[in-house]
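Protein chains in written order, with my numbering: chain A, 30 to 326; chain B, 1063 to 1609. Quick notes on the structure that follows.
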Amino acid sequence: MTDGLIQTPVTILGGYLGAGKTTLVNHLLRNADGKRLAILVNDFGDIAIDADLIEAQSDDIISLSGGCVCCSYGNDLFMAMSDLAKMEPAPDLVVLEASGVALPGAIASSVSLLPDYCVEGIVVLADSETVRTRASDKYIGDTILRQLSDADILVMNKADLVDQDARASTLKWLREVSDGCRVIETQHAQVDPQILLLAIGDGTGANYSDAQPAHASQHATKFLEVSEPVEVQEFAEALLNGDPNLVRAKGFVPSHEGGLMTLQITGERIDISAAPAGAKPGLVTISLRNTQTARSA
Amino acid sequence: MADITIYSARKIITMNPARPFVTHVAVREGRILGVGSLEELQGWGAYELDERFNDKVIMPGLVEGHSHAMEGTLWRYTYVGFFDRMDPDGKKWSGAKDIEAVIQRLSEANDALDDPEAPLPGWSLDPIYFNNERVSREQLDRVSTTRPVGILHASGHIMNVNSKALEMAGLLKPGLNNPGIPLGADGLPTGELKGPDVMTPVGLHVGFDRDMLAADERGLIDFAKLCVRSGVTTATDLAARLPDEAVSMMTKVTARDNFPARIVSLRFHHGVTPEELIDHAKLLKTKSSDRLRLGMIKIVVDGSIQGFSARLRWPGYYNGATNGLWYIAPEHLRFILNAALRDGLHVHTHTNGDEATELVLDCMEEGLLAHPSPDHRFTLQHCQLADRAQFRRMAKLGMCVNLFANHHFYWGDEHYNLTVGPERATRMNACASALEHGVPMAIHSDAPITPLGPLFTAWAAVNRLTVSGRTQGEAEKISVADALYAITLGAAYTLKLDGEVGSIETGKCADFAILEDDPESVDPGDLKDVGVWGTVQGGRIFQASAL
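Laid out in structure tokens, this is it:
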């Protein structure tokens, strides 16, 4: 598919106002851990960047030490992405914060048309306290439900603000309306950065084996050897079915049709493409630990 | 004492009920000194009698309450629309009546270009007039295989491109799975791109670049020329980002002695936070000048009906399409309306669907309880599907409406057959209902979506004909007098400019539309064909044929 063209991965963050998208963006910027992130936001409104991290700032771009940038796209997302594609070197990951009323699936569908980018996944945040009320709002309800059903991974945020019963019932409801999407429960949008940054690697897979989770309590990272050729789609589905807590996987898998394939799993999304030259078989998986995990078997 | 000029005319329609028709108007310092007979006006002192308009009819300068200055910019691209249309220089482009004519027109433009790789953009295609036969990339390849060629549809929601353009955008490949990109029998895209999300990435390659939506200096001047040709002396530029450099340019250009129109440019809500929007509008208000009015806000609430992106109430679209999109969160809309009411800022809202209109009405009701505002004149723009209950609410809430009368002509058949079905299509753009309920009303072109031309817009509201020649919605027709009011004082009222323009009476701006015929006495079916000689703006004379 990629014909050897280097494509920058894009993760789309969706969710209605107040769900915690901006908090998650701020969290990622603080925990980029040497990765070069490009964050695209609709506006700089609530982005809080420590002043000492800012190297340069113009109307539309804030450059941060460590090579991260934050760009506001205003009413022209594609211009911003086209400008970003000229950045040298290319960022390791683009995180695109959709506006509160945008449908992240539609954005993903369009981003996937851009030759310089590939969609890594759609992460949709939901505010545990308000999401169900909003989903029945006469104006915005159907938009909320469309956002939730677009998700590859759902983040049930502000889980600390509701009691146990509400938490359990909201969790169950989120799974229902998202057709069984994997759900991460969080407070303050503190999603483990590894879950979003797993996309980043040098293409050989070797670096994954020694990846150390920043928040070991939140998830389990495993390195899977895959030496025998497999039917890759079935293999991926089996991984997902076999581990209800699996949220991400990335690596290289030998195909029964010959050759090595890149396999990426982001929640429910499975992407398979030809592996780059020099890639070695092996797969990194990230599973949530039970306390953080939200999927019934 | 400054010089007084008295103009005589065959008839002067003043829109002032105390003196509805006169023969003379006196002008001093760019303003109207008085109207009446020559004898009445002589009392003002020494004057010069100007008889050049003796065989003309003078109306108040027309006011276009919903247009975009980018109409001036689009004329740099090849016009391939179905209807005859006049460009800023007065050249009348004949309509392209079939796909062959479109190809022919583009091929001529192709031959005029030296660089074989330069992009070739065209605009205003509308396949509904070709029995919905779609333009294919193979057809556009006949224009050129070396340069990217693309045509923007009249609706602004669809684009067709050639193979070269697809190739440059990396899309000339099988396996694409996007609802906005139809595929041909060969598994490759047909070249049609539906919706801004798929148009924009390819549009960049065919010459629809980032400056397209904003009028640059030349675009603004061309837009003003179109104003003169259509009798318009005050026109809105209804959705602009208005960064500092654009404001400086617009201030400079509009201040020139030969700039013939007053531009009212509204700050578009998108791309900034609601707080920033309010602050920016306040700042812009301080930069307002006579010919560049700033400080108003435009909020786009939903999409378009023919693009199926408007928000409709139950039962939704006639063809079963999924409900449309919100372009602003209700919370943000509520915040902006509240803050604007509190701070005395003036807001216009784009709502095409009736659910979007309902949301604005809800927010206004709430906002007005918190911030009573006796003369806010917030205006619902397009508001195409409002029913009578909504007009009753508008009246109670003190809102104005600017209905899209032209739309009824161009897309009325489409609405009848496809988007909203016969019943709602018949009452769309309900001008008579608005007036019956006492809602201050304007009517508009939304240029460049349809051509700038308030007399055409008035014709559309009076006759309610669709392209196919059907009268659609007899009950919502309005009188010629009401239509002429809507394109002068009606539109001026929605901009809070009715004290300055929109009628010919003492103290107001000397803004006139100079017409070849009398719109009040021609057959109402001929209203659109009343010739425009030009305008007088701020006492300055602009003859269309001499631009």
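Think of the CB as a built atom: it goes at the ideal place given N, C-alpha and C, for glycine as much as any other residue. These figures come from a predicted structure and were not determined experimentally.
Annotated three-state conformation of Met116 of chain A is coil, per DSSP. DSSP places Phe1330 of chain B inside the beta strand (DSSP E), whose first and last residues are 1324-1330. A Cβ-Cβ distance of about 7 Å is found for the pair Leu113 of chain A and Val123 of chain A, placing them in contact under the 8 Å criterion. The C-beta of Trp1595 of chain B has 16 or more other C-beta atoms within 10 Å across all chains shown, which makes the residue buried. In terms of Cβ geometry, Ala1302 of chain B and Arg1353 of chain B do not form a close pair [threshold 9 Å]. Here Trp1185 of chain B carries a strand assignment [DSSP, helix/strand/coil]. By the CB criterion at 9 Å, Ala1277 of chain B and Gly1134 of chain B fall inside the cutoff. The beta carbon of Pro1236 of chain B sits closer than 7 Å to those of Gly1249, Leu1250, all from its chain and outside the five residues before and after it, given in chain order. Interface with chain A (9 Å Cβ-Cβ cutoff): Asp1259 of chain B is included.
For Asn1385 of chain B, no beta strand (DSSP E) run applies, since DSSP gives it neither H nor E. Thr162 of chain A is outside the set of residues whose beta carbon lies under 9 Å from a beta carbon in chain B. Ranked by how close their Cα comes to the Cα of Arg1375 of chain B, the residues A:Lys201, A:Ala85, A:Lys167 have A:Lys167 in first place.
With a threshold of 9 Å between beta carbons, Glu1417 of chain B makes contact with chain A. With a cutoff of 9 Å on beta-carbon distance, Leu1517 of chain B and Leu1407 of chain B are scored as not near each other. For the region 1390-1405 of chain B, the residues whose beta carbon sits under 9 Å from a beta carbon of chain A are, in order, Ile1390, Ala1391, Pro1392, Glu1393, His1394. Closest in C-alpha terms to His1342 of chain B, from the list B:Pro1305, B:Pro1377, B:His1506, comes B:Pro1305. Between Arg65 of chain A and Pro118 of chain A, the C-beta gap is smaller than 9 Å, which places the two residues in contact. A buried status is given to Pro1322 of chain B, since no fewer than 16 other beta-carbon atoms sit within 10 Å of its beta-carbon. Between the alpha carbons of Asp1160 of chain B and Asn1222 of chain B lies a gap of roughly 15 Å. For Val1334 of chain B, the closest Cβ of chain A is nearer than 9 Å. Contact with chain A is absent for Gly1249 of chain B, since none of that chain's Cβ atoms lies less than 9 Å from the residue's Cβ. When the alpha-carbon of Thr40 of chain A is set against those of A:Ala265, A:Ser256, A:Leu154, the nearest one is in A:Leu154. Taken in chain order, the members of the region 163-182 of chain A whose beta-carbon sits within less than 9 Å of a beta-carbon on chain B are Asp166, Lys167, Tyr168, Ile169, Asp171, Thr172, Arg175.
Beta-bridge annotation (DSSP): Pro283 of chain A is paired with A:Leu289.
Of the candidates B:Glu1393, B:Gly1531, B:Thr1419, B:Arg1204, B:Thr1419 places its Cα closest to the Cα of Arg1373 of chain B. Annotated three-state conformation of Phe1397 of chain B is helix, per DSSP. For Leu1447 of chain B, the secondary structure class from DSSP, reduced to helix, strand or coil, is coil. Residues of chain A with a Cβ closer than 9 Å to the Cβ of Gly1232 of chain B are, in chain order, Leu34, Leu142, Leu143, Pro144, Asp145.
The Cβ of Val152 of chain A sits no closer than 9 Å to any Cβ of chain B. In the same chain as Leu1403 of chain B, and ignoring 5 residues on each side of it, the C-beta atoms closer than 7 Å to its own belong to Gly1429, Leu1430, His1433, Ser1435, His1438, in chain order. Runs of the beta strand (DSSP E) lying entirely within the region 132-191 of chain A, each at least 3 residues long, are 146-156, 182-186 in chain order.
Shown here, Leu1557 of chain B sits in coil according to DSSP, grouped into three states, outside any helix or strand. Approximately 5 Å separates the beta-carbon atoms of Thr291 of chain A and Ala304 of chain A; this is inside 8 Å, confirming the contact. The Cβ atoms of Ile1576 of chain B and Val1592 of chain B lie no closer than 9 Å to each other.
Boundaries of the alpha helix (DSSP H) around Leu1430 of chain B: 1416-1432. Burial is judged here by how many other beta carbons sit within 10 angstroms of a residue's own beta carbon; Thr1076 of chain B has at least 16 and is buried.
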